[in-house]
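Counting in the working numbering, the sequence shown runs from 169 upward without gaps. The beta carbon of each residue, even a glycine, is placed where N, CA and C say it ideally should be. Worksheet: the structure to be examined is printed underneath.
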Amino acid sequence: MPIEAFSPTSLRRALVIKLRHHGDVLLAAPVISTLKRVAPHCEVDALIYADTAPMLEAHPALAQLHLIDRNWKRQGLVRQAAAESTLISKLRARRYDLVVHLSVHMRGSWLVRLLRPRWSVAPRFRAGFWANSFTHLYPAQSDPQRHTVETNLDSLRARWGWSRPRRTNA
């Protein structure tokens, strides 16, 4: 995908989505920090599962932490739909310029389509609906020698065209 002329100064709000387990959410924190460092004026939010909130709730770069409760689906269809609708309304009200989806959870593709950010980034996972949901795709982790944090940071490299750091044998 061609990278359009882009300046981090044009970012007002960004949403980082990591719908996984505690350790995975913790390993997403450098994306939030890097985004805030590159665009200090940008309000960076995160969307995670409620049970993983302690991993990010004190993160100094976060403006808002949005939560999905895994128990919503156990509360019946009506309550789950109401909770999901409330969440989507809150997210839409934030009017994100950028959404960074750090997993291959299909909910991210639906959210990007509903939120309509100017830019959206996700791992290259599958063609069709998934690929067409995002403006930029980055390679999903394929090298077991690379740390998950580096793969997560690839999401920002895809957006800004940064190159990967070289491996050194120090």
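Residues bridged to residue i (per DSSP)
i	result
residue 213	183, 232
residue 251	Beta-bridge pairing links residue 251 to no other residue.
residue 270	Looking at the DSSP assignment, residue 270 forms no beta bridge with any residue, so it has no partner.
residue 289	268, 304
Of the listed residues the options, nearest to residue i (C-alpha basis)
i	options	result
residue 234	249, 246, 209, 260	260
residue 240	218, 194, 193	218
residue 276	290, 264, 229	290
residue 230	195, 223, 211, 244	211
residue 296	274, 238, 222, 255	274
residue 204	287, 286, 177, 186	177
residue 207	303, 175, 284	175
Alpha-carbon spacing of residue i relative to residue j, whole angstroms
i	j	result
residue 316	residue 188	13 Å
residue 195	residue 250	31 Å
residue 272	residue 190	16 Å
residue 279	residue 197	20 Å
residue 224	residue 183	13 Å
residue 202	residue 299	25 Å
residue 173	residue 254	At residue 173 the pLDDT is 44, less than 50, meaning the model places this residue with poor confidence; the figure from the coordinates comes in the next sentence. Their backbone Cα atoms lie some 35 Å apart in a straight line.
residue 209	residue 247	37 Å
residue 193	residue 237	15 Å
Proximity of residue i and residue j at Cβ, strictly below 8 Å
i	j	result
residue 179	residue 265	yes
residue 267	residue 185	yes
residue 301	residue 281	yes
Anticipated Cβ contact below 8 Å, residue i with residue j, distance rounded
i	j	result
residue 306	residue 292	7 Å
residue 320	residue 245	Contact flag wrong, Cβ pair sits at about 34 Å.
residue 213	residue 181	7 Å
residue 227	residue 200	6 Å
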